[in-house]
Every structure is written in C-alpha cells, then in structure tokens.
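Participant: My questions all concern the structure below.
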Amino acid sequence: MTISFTEKFNMADYFLYHNIKEGRETKTCLYFEDKTYTYGDAVRMSNRAGNALREIGVEIEDRVLIVLPDCPEFVWTWFGASRTGAVITMVNPLLPAEDYKYYLDYTRARAAVIHESLLKNFEEAAKDARYLRQALVVGDECGRFLSFEQAVNAQSETCTPADTHCDDIAIWLFTSGSTGHPKGAVHLQHDLPYNTEVFAKRTMGVNENDLTVSVPKLFFGYATGTNLLFPFAVGGATALFAERSTPEKMFEVIERYRPTILTTVPTMINAMLNMEGGAERDINSLRFCYSAGEALPIELYMRWVETFGVEICDGIGSAEMFHIYITNRPKDVKPGSLGRIVEGYDAQIVDAEGKKVPTGEMGTLRIKGDSAALCYWNAHEKSKETFAGDWCTTGDQFHVDREGYYWYHGRTDDMLKVSGVFVAPAEIENCLLQHEAVMEAAVIGHDAGDRLIKPKAFIVLRPHAEASEELSEEIKGFVKSKLALYKYPRRIEFVSSLPKNDRGKIDRKKLKSG
C-alpha cells in the first residue's frame, strides 16, 4: 500500500486544521466536564498556545515537554506546539521529582507546560535544568513560572504555521522503560498520519460520527492516537476527564457522554467485570473497544462479550511504530489472538539468527511500515539493534497460524526456560484466570536456590476466596490438569494487588525484586 504526503507537511494540519476547511468550525469536537468545544475553538486556542510558546522563546525543532492530565489545555498545547514546528514530548503528570529531572535533561526541553498539582516536584526537578527557558502552568498556582491562561489569552487567535517538511522530526514517544529509563522513539511529521490512514481509517473504520473515551491518558501514545488524533483526523469527537481511571469512573463517563469507541486495557476490562453492579451498567452506546498494552486473556474477552455484548478488538502496537500494526477488527475477532496484520505493514517471525521460522512456530516479531521511528534518542547501539534497515525488531514472541492470525507468547525478556523448554508466562496466567478463585495473576521465573528456574505465580483472589495452603495446592493442580506438567507454578504467593506501570501493564521488575 502506497500512501504519500506532500513535502511541505505539518501533522497539526492533518489532524486538526483540515476540519475548518471541511466546514466543521461549529461542530463539537471536545467534551470536558460541563464544557464543550468546537473545532473553531480548538483551532483558535491551539493558535494562541503556539504563539505563547513562541513568545517564551520556543523555535522550530525545539523540544516542548507536556506534563498535563487529560484536559483541554493538553489539546491546545499539543497542536500549538506542532503548528509552530516544535518537537512534542509527553510524560506522566504523576511522577516524582527525580523522574522529571531525567526527562528535562534527556529531552533538553526549552519549554514545559505543566499542571499546578505537580508544581512542587517540577520546581525541584528544574532547579538545575540547563536548557529549560520557561514553563507555563495550568492552574492558579504558578510558583516561579508563568500562568498558562494569562500567557495564552494574551496572544493572537491566528498563528503562522512553521515551514515543516514531511520528514522533519515532530514528536518523541517514550518506551515503557521495562529496562532502565524510558527511551525516546523519534518520529517524523508523516509517521502518525500514516498509521492513522492505514489503521484508524481503513482498518477500524473510525469516522466523523464517532465519539471516543479512553482509560489510558493522553501522554501515552496509545491514547494520544485513539482518543485525540484519530477522532480529530476524521472530524469526530472525544471526551476527556482528568481524574484517575477507575471502573466506577469509566461507567460514569460512558453513561454520561455515550461514546461509540472505548480505549481500554486488560486490567480495566477485568476491573469493570469484577465491580459490584457493573454488569447492570449501560454501555450500549459502544460499537467496539480497543484493547492493547498487553495481551487480552480469552477468559476476559469471553466474559466481557457475554456480559456487555460489546466487541473487543485486541491488538499490538509500540512507541517505535507509534501505534497498532496487528489487530482484531470489528466483526473479525479470533479470541486469544491479536488478529491480523494491518494492511500497510509487513511482519516476519524470525529465530535468533534473524531467519524466518515456519508457520506455526514461535519466534521474534519484526515489523515494517512507514510509521517506524527514526531512532532512539541518544541510544545509537540500541537503535541499530532495533531498527535494522526497514525492519523494527519488537522483542515480542509470536507465532502466526495458517489463517494469518498472530498469537502472542510474551516479551523475549520475560520468557522462562523450564526443564530446558521455553515457557510463556502469559500461557500460565491465562490458565490461572480460568480458576474460579483467581481475579488477577502474574507469573515470573523463580530460583529456589538450586539455580533452576521454575514458574512462580502472584495471585489476587476474588472477594469470596480466602488464601490458604489448600487453595494454593488446588490451583497448582488445576494448572497441571490444563497444561503440560512442567508449566505449573511451583510457588504461589497471594497478594492484595499487582504492581502496574503508568501504561497499566504489570510491572514485573517490582515482582522480581519483591
């Protein structure tokens, strides 16, 4: 599939400004609390935000660090920075000071837009920031920085766009940081629009009648796409909320705004299913849900569809490729798989020497498509390892069946070698979830002192179940009856919750150190 963009190109035009030319100036595009905003409002406020960034010294190709909860100011800043040719970087607004110091040093951001709730941590982090010129603060308390509201309101509603090229650097998307600090995957102006064309529009059928809501927050590229860029690209709308995503909040937001598409993750799917009274809540406005971040267990998929009658399209994407490149589709779901390749991408499953493996055999997934990042910033050797020619090596273990559906086995780093055979923790976790007492499960490798790795399971029980040695043995026996004997967890530890990272994934580093 050939998709081309003009040499003079800016992704803000592709995602936002085209809506004015197409007659949507008065159409509502954004819902937040009791306020609504039209595309005309979005353009005017984004122009003001872009001018405010220029006023504090941001020039084309300078990095701008966005540290905001989901709110209209996030939207204005994102598009304003893009229109002026700045390079967007986005991080979680709930981090400690040392993390913000890392991001300021790593990005060398000239400006930041932050929320007043993190002012203390950010001021501490910025004390020795050599490159930061100024920060704009959303809220009443600004400390030593400037008020976002005052700075933006003082600007013109028109903003001259930067003379950007389709191959200019536009945005960094951070990896999840499963090993060490997160790395910035460097993307060009055309990367995000390319995936929007092939995935959002042509594969998922996102259209101007859609209204989106998301569990993950906008700083995470998965949600930046599904809950801002994709609906704006087709003239649709989104509903944002700043509060933490909880099962109750998600039901409340869905019932209030009546979205057609929900962006979610397996952890929230499980939590909504297990919430008391959740099965009686009204989510019938949804035509489908995205799920990504980690593989969706068949057990959760089946329970969700049986309970709510809403399809879940599980898929896989990455910061390196911007978004999803393999996915199930509405009316084309093979439960347990991650679906088929998105047309516009190519995939290979290879062995340790980089040779393609036969159909049905497990290996490492490589992906090719025109949304691939240029490199990791300040990580030359890792960039060469990941981005080899046109191919991006994902580090994910997969096999593909004869019908072209891809099946996920886990991260290469998470694979366990038990009795000389590789075992995917996800397979054991999916089996554990089928036991009536198990609400959540995570499996890692454990050395009991004999230098032999065996599976260990961390389990969160359902409210009606009580932890005991008898239950532990019962669960072990259950797994033995379902899987090959060497795969059962030799140790089970009952816990009240599993550690999650800011993407909603299980944080295995904390399990391994615990």
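Going by my numbering, the letters in the sequence shown line up with residues 28 to 541, in that order.
By construction, the Cβ of each residue, glycine as well, lies at the ideal position given by its N, Cα and C atoms.
(1) If contacts are defined as beta-carbon pairs under 8 Å, then Thr354 and Thr391 qualify, I think. What distance do you get, rounded to the angstrom?
(2) What are the boundary residues of the alpha helix (DSSP H) that Gln216 is part of?
(3) According to DSSP, simplified to helix, strand and coil, what is Arg81?
(4) Using a Cβ-Cβ cutoff of less than 8 Å, which residues in the same chain neighbour Asp397 once the five nearest sequence positions on both sides are dropped?
(5) For Glu49, which residues in the same chain have their Cβ closer than 7 Å to its Cβ, ignoring the five residues on either side in sequence?
(6) Given a threshold of 16 other Cβ atoms within 10 Å of its Cβ, counted over all protein chains shown, does Asn180 qualify as buried or as exposed?
(7) For Ala468 and Ile486, I'd like the C-alpha separation in whole angstroms.
(8) Just to confirm the assignment, what range does the beta strand (DSSP E) spanning Val165 have?
(9) Could you check if His407 is buried or exposed, using at least 16 other CB atoms within 10 Å of its CB as the buried criterion?
(10) Just to confirm, is the Cβ distance from Glu338 to Pro357 under 8 Å?
(11) Can you tell me which of Asn148, Cys56 and Asn119 puts its alpha carbon nearest to the alpha carbon of Trp103?
(12) Is the beta carbon of Leu92 sitting closer than 8 Å to the one on Thr111?
(13) Looking only at C-alpha atoms, which of Pro526, Phe278 and Trp105 sits nearest to Leu255?
(14) In chain order, what are the residue ranges of uninterrupted alpha helix (DSSP H) at least 4 long that sit wholly in the segment 383-460?
(15) Going by DSSP, name the residue or residues bridged to Ala469.
(16) Please go through the same chain and pick out, in chain order, the residues whose beta-carbon is closer than 8 Å to the beta-carbon of Ile310, but skip the five residues on each side of it.
(17) Please confirm whether Ala197 and Val140 have their CB atoms less than 8 Å apart.
(18) With three or more beta-carbon pairs closer than 8 Å as the criterion, would you say the segment 116-127 touches the segment 69-86?
(19) Around the C-beta of Asp417, are 16 or more other C-beta atoms found within 10 angstroms, so that it is buried, or is it exposed?
(20) Rounded to whole angstroms, what's the CA-CA distance from Phe149 to Ile325? Just pull it up for me.
(21) Would you decide whether Pro96 is buried or exposed? Buried here means 16 or more other CB atoms lie within 10 Å of its CB.
(22) Here's the rule I'm using: 16 or more other beta-carbon atoms within 10 Å means buried, otherwise exposed. How should Leu512 be labelled?
(23) Expressed to the nearest angstrom, what Euclidean distance is found between the alpha-carbon atoms of Ala257 and Lys503?
(24) Cα separation between Ala543 and Asp195?
(25) For the segment 167-174 against the segment 185-193, are there 3 or more C-beta pairs whose distance is under 8 Å?
(26) Closer than 8 Å by C-beta to Lys35: which residues in its own chain qualify, once you throw out the five before and the five after it? Chain order, please.
(27) Would you mind reading off the limits of the alpha helix (DSSP H) that contains Glu497?
(28) Counting only the same chain and skipping the five closest in sequence on each side, list residues whose C-beta sits under 6 Å from that of Glu493.
(29) On the three-state DSSP scale, how would you describe Asn200?
(30) So for Ile87, helix, strand or coil by DSSP?
(31) Do Gly320 and Val360 have their C-beta atoms within less than 8 Å of each other?
(32) Would you mind giving the Cβ-Cβ distance between Pro286 and Met329, rounded to the nearest angstrom? I have them listed as a contact below 8 Å.
(33) Using a Cβ-Cβ distance under 8 Å, would Val164 count as near chain D?
(34) So which of Pro274, Ala306, Pro385 and Arg135 has the shortest CA-CA distance to Tyr158?
(35) Is it buried or exposed, Gly304, if we count other Cβ atoms within 10 angstroms and call 16 or more buried?
(36) Start and end of the alpha helix (DSSP H) containing Leu145?
Facilitator: On the basis of the coordinates in this document:
(1) The residue labelled residue 354 in the question sits at position 327 within the sequence shown. The residue labelled residue 391 in the question sits at position 364 within the sequence shown. Here Thr354 is actually not in contact with Thr391; their C-beta atoms are around 19 Å apart, not less than 8 Å.
(2) Numbered from its first residue, the sequence shown carries residue 216 at position 189. In this chain, Gln216 is not harboured by any alpha helix (DSSP H), its DSSP state being neither H nor E.
(3) Walking along the sequence shown from the start, residue 81 turns up at place 54. Assignment of Arg81 by DSSP, reduced to helix, strand and coil, places it in the helix class.
(4) Against the sequence shown, residue 397 aligns to sequence position 370. Within the same chain, and ignoring the five residues on either side of Asp397 in sequence, the residues whose Cβ sits closer than 8 Å to its Cβ are Ile30, His217, Asp218, Tyr221 and Gly371.
(5) Numbered from 1 along the sequence shown, position 22 holds the residue referred to as residue 49. In its chain, beyond the 5 residues on either side, Gly262 have a beta carbon closer than 7 Å to the beta carbon of Glu49.
(6) For the purposes of this step, residue 180 is taken as the residue at position 153 of the sequence shown. Looking at its Cβ environment, which holds fewer than 16 other Cβ atoms inside 10 Å, Asn180 is exposed.
(7) Looking up residue 468 in the sequence shown gives position 441. Looking up residue 486 in the sequence shown gives position 459. Near 5 Å, if we compare the C-alpha coordinates of Ile486 and Ala468.
(8) For the purposes of this step, residue 165 is identified with residue 138 of the sequence shown, where counting begins at 1. Where Val165 is concerned, the enclosing beta strand (DSSP E) stretches over Gln161 to Val165.
(9) What you label residue 407 is simply residue 380 of the sequence shown in a count that begins at 1. So His407 counts as exposed.
(10) Sequence index remark: in the sequence shown, residue 338 carries index 311 (1-based). Sequence index remark: in the sequence shown, residue 357 carries index 330 (1-based). Yes, the pair counts as a contact, with Cβ atoms nearer than the cut-off.
(11) Taking the sequence shown and counting its residues from 1, one reaches residue 103 at position 76. Looking at the Cα atoms, Cys56 is the closest of the given residues.
(12) Along the sequence shown, read from residue 1 onward, the residue named residue 92 stands at position 65. Along the sequence shown, read from residue 1 onward, the residue named residue 111 stands at position 84. It is not a contact, given that the beta carbons lie outside the stated cut-off.
(13) Within the sequence shown, numbered from 1, the residue matching residue 255 stands at position 228. Of Pro526, Phe278 and Trp105, the residue nearest in Cα terms is Trp105.
(14) If only uninterrupted alpha helix (DSSP H) runs of at least 4 residues are considered, those enclosed by the segment 383-460 are 407-413 and 452-459.
(15) Here the question's residue 469 lines up with position 442 in the sequence shown. According to DSSP, which records beta bridges pairwise, Ala469 is partnered with Phe485.
(16) If you number the sequence shown from 1, residue 310 lands on position 283. Cβ neighbours of Ile310 within its own chain (closer than 8 Å, five residues either side excluded): Phe278, Ile281, Glu282, Leu289, Phe335 and Val337.
(17) What you label residue 197 is simply residue 170 of the sequence shown in a count that begins at 1. What you label residue 140 is simply residue 113 of the sequence shown in a count that begins at 1. Contact flag unset, no.
(18) Contact fails: fewer than three Cβ-Cβ distances are below 8 Å.
(19) One-based indexing of the sequence shown puts residue 417 at position 390. Counting C-beta atoms within 10 angstroms of its own C-beta, Asp417 has fewer than 16 neighbours from the protein chains shown and is therefore classed as exposed.
(20) Position 122 of the sequence shown, counted from the first residue, corresponds to residue 149. Position 298 of the sequence shown, counted from the first residue, corresponds to residue 325. Rounded to whole angstroms, Phe149 and Ile325 show a C-alpha spacing of 42 Å.
(21) Position 69 of the sequence shown, counting from 1, holds the residue named residue 96. Classification of Pro96: buried, given that the 10 Å Cβ count is 16 or more.
(22) Within the sequence shown, numbered from 1, the residue matching residue 512 stands at position 485. In this structure Leu512 is exposed. Its beta-carbon is surrounded by fewer than 16 other beta-carbon atoms within 10 angstroms.
(23) Position 230 of the sequence shown holds residue 257. Position 476 of the sequence shown holds residue 503. What sits at residue 257 in the sequence shown is Phe, not Ala. For the pair Phe257 and Lys503, the Cα-to-Cα distance works out to about 44 Å.
(24) Residue 543 falls outside the range modelled here, since the chain spans only 28 to 541, and no answer is possible.
(25) Proximity of the segment 167-174 to the segment 185-193 falls short of the contact definition, fewer than three beta-carbon pairs being nearer than 8 Å.
(26) Numbered from 1 along the sequence shown, position 8 holds the residue referred to as residue 35. Result list for Lys35: Asp190, Thr191, His192 and Cys193, in chain order.
(27) Within the sequence shown, numbered from 1, the residue matching residue 497 stands at position 470. Unbroken alpha helix (DSSP H) run through Glu497: Glu496 to Lys509.
(28) As a working mapping, residue 493 is identified with position 466 in the sequence shown. No residues qualify anywhere along the chain.
(29) Here residue 200 refers to the residue found at position 173 of the sequence shown. Note that residue 200 corresponds to Leu in the displayed sequence, not to Asn. Strand.
(30) Looking up residue 87 in the sequence shown gives position 60. Of the three classes helix, strand and coil, the one that applies to Ile87 here is coil, per DSSP.
(31) By 1-based counting over the sequence shown, the position of residue 320 is 293. By 1-based counting over the sequence shown, the position of residue 360 is 333. Not closer than 8 Å, so no.
(32) Translated into the one-based positions of the sequence shown, residue 286 becomes position 259. Translated into the one-based positions of the sequence shown, residue 329 becomes position 302. Not quite, the Cβ-Cβ distance comes to about 23 Å (not below 8 Å), so this is no contact.
(33) In the structure shown, chain D cannot be found, because there is only a single protein chain.
(34) For the purposes of this step, residue 158 is taken as the residue at position 131 of the sequence shown. Checking every option, the nearest Cα to that of Tyr158 belongs to Arg135.
(35) On the sequence shown, position 277 is the one that residue 304 refers to. So Gly304 counts as exposed.
(36) Here residue 145 is taken as the residue at index 118 of the sequence shown, counted from 1. Taken as a continuous stretch (DSSP letters only), Leu145 belongs to no alpha helix (DSSP H), as it is neither H nor E.
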